[in-house]
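S.K.:
Numbering (my numbering), first residue to last: 43 to 206.
1. Measure from the alpha carbon of residue 76 to the alpha carbon of each residue in 175, 128, 108, then state which is nearest.
2. Nearest-angstrom Cα distance between residue 149 and residue 116?
3. If you compare alpha carbons, which of 81, 169, 114, 99 is closest to residue 145?
4. Going by C-alpha to C-alpha distance, which of 112, 105, 142 sits closest to residue 130?
5. By the DSSP assignment, the alpha helix (DSSP H) with residue 102 in it spans what residues?
6. Which two residues bound the contiguous alpha helix (DSSP H) that contains residue 82?
7. Compare the beta carbon distance of residue 126 and residue 160 with 8 Å and say whether it is the shorter of the two.
8. Output the distance between the C-alpha atoms of residue 206 and residue 46, rounded to the nearest integer angstrom.
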């Protein structure tokens, strides 16, 4: 299902060219809605590569860059979702950093929630820090994530795997 608008026909490009164009938009376009579309197209590209290979890795690096550098909290929120939803385990540290230190409660909430999606059990000590976050939604998310991780552990699902 396509959710992002591709007014520049980027989806028609080969993966490498598509990544170059998406990076250009991600890093230079002042329109946050265009950058939001980039996030979703990077997720689609990850799926097209069967979640492996050089294009998959480059898409993950660009998503991680956007999580750290995009000025818009809605964009960063969606980046967390794509990193977790596409199984970018190597970017769990980026999601942890975002969950703890992002200025936006929305992004902290989503990054924490995404640590549950990707079942980042080794991140439990970091998630526990969020129990003291000043924002209620972040605290509640941390409580939920920790309960879910514990429930999965008790059922024998404590390995790091996608947990949809």
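Glycine is no exception: its CB is placed at the ideal position from the N, C-alpha and C atoms. If you're wondering where the values come from, they're calculated on a predicted model, not measured in any experiment.
M.R.: Inspection of the coordinates gives the following:
1. Closest in alpha carbon position to residue 76, among 175, 128, 108, is 108.
2. C-alpha of residue 149 to C-alpha of residue 116: approximately 8 Å in a straight line.
3. If we check each option's Cα against that of residue 145, 114 comes out closest.
4. Closest option to residue 130, Cα to Cα, is 105.
5. Element bounds for residue 102: 96–111.
6. Residue 82: member of the alpha helix (DSSP H) spanning 74–90, first to last residue.
7. Taking C-beta atoms as the reference points, residue 126 and residue 160 count as a pair closer than 8 Å.
8. Any reading at residue 206 must be qualified, since the residue scores a pLDDT of 32, below 50, and its modelled position is unreliable; no value is offered.
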